[in-house]
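Going by this note's numbering, the residue at position 208 of the sequence shown is 431; the numbering climbs one at a time, nothing skipped. For every residue, glycine included, the Cβ atom is placed at its ideal position computed from N, Cα and C. Every value quoted in this text rests on a predicted model; they were computed, and no experiment measured them. Here is the structure we will look at.
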Amino acid sequence: MKKGNFISSFNYAVQGIVSVLKTEKNMKFHYLAALAVIILSLFFRISSTEFMLMLFAIVLVVFAEMMNTAIERTVDLVVQDYNPIAKYIKDVSAGAVLITAINAIVCGYLIFFYRFSSVGDLLLFKIKNADNHLAFVALILVVILTIGGKFLLAKRNGGTYFQGGAISGHSGIAFCGATIISMVSENSLITVASFGLALLVAEARVEGGIHKKSEVIAGAIVGICVAIFVFKVIG
């Protein structure tokens with residue numbers, strides 16, 4: 224295996240995700256819907272099983288939409304004129320997306336409907352979810368926001384979607400984790416060590432020539448803000 228092939232493979236994969244997000248209106252909708260649903264889950268007492276099912280439904284819809292896009296582009300590349308078989312293939316792939324979307328709607332209904340029936344109670348108290356659930360959601364939000372930032376700014380700032388670019392995802396995750404540790408831990412030494420490790424991650428990205436200082440700072444700000452939002456504003 225040639226040096227860099229492993230990172231390049233991930234970069235191509237993430238580039239594919241962002242390319243679909245950039246060119247497909249449906250994928251933009253799925254992205255925003257996923258972000259909204261994950262944030263919404265913070266306001267309710269969602270069990271680990273329910274959250275897993277919700278996340279699986281989201282991933283299934285995104286996967287189906289990406290496969291549908293790939294199939295449609297392949298058909299368009301091969302078939303230039305109208306062909307009933309090409310139409311059949313496109314219709315079937317679009318139907319697969321519809322099925323996964325219906326599944327996601329049903330899943331969301333079963334998880335959230337009875338909770339929405341007591342909206343009055345929702346306005347009277349903040350959620351009291353377990354710290355591990357909040358931490359997991361915070362890290363997912365950092366990843367989603369980082370991809371969104373790269374989508375919006377990658378062309379302007381240069382870099383690739385997985386390595387480099389407008390926002391350092393590694394820095395964002397590191398500082399999000401350090402901030403979470405500082406809020407759940409009562410040991411100042413652990414807090415200092417956590418932020419020290421986060422700084423080392425950010426420094427490594429800069430010294431490796433992968434990110435600029437402004438990009439790791441942007442990642443740190445995203446990570447810290449998400450952690451504070453999830454644990455102090457929502458939690």
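For a test of the three-state rule: what should DSSP assign to residue 434, helix, strand or coil? Residue state, collapsed to three classes: coil.
Does the stretch 390–409 touch the stretch 425–443, meaning 3 or more C-beta pairs lie closer than 8 Å? yes
Where the alpha helix (DSSP H) containing residue 237 begins and where it ends: If you look at residue 237, you'll find it in the alpha helix (DSSP H) that goes 228–246.
Segment contact, 8 Å Cβ cut-off, at least three pairs: the stretch 274–287 with the stretch 315–327: yes
Report the option in 232, 236, 240, 235 whose CA atom is closest to the CA atom of residue 374. 240
Would DSSP call residue 299 helix, strand or coil? helix
Would residue 390 pass as a contact of residue 414 if the rule is Cβ separation under 7 Å? no
Rounded to the nearest angstrom, what separates residue 434 and residue 428 at their Cα positions? 6 Å
So the alpha helix (DSSP H) residue 407 belongs to, where does it begin and stop? 392–407
Report yes if the C-beta distance between residue 250 and residue 260 is below 7 Å; otherwise report no. no
The stretch 290–298 / the stretch 264–282 touching (three or more Cβ pairs under 8 Å): Touching, no.
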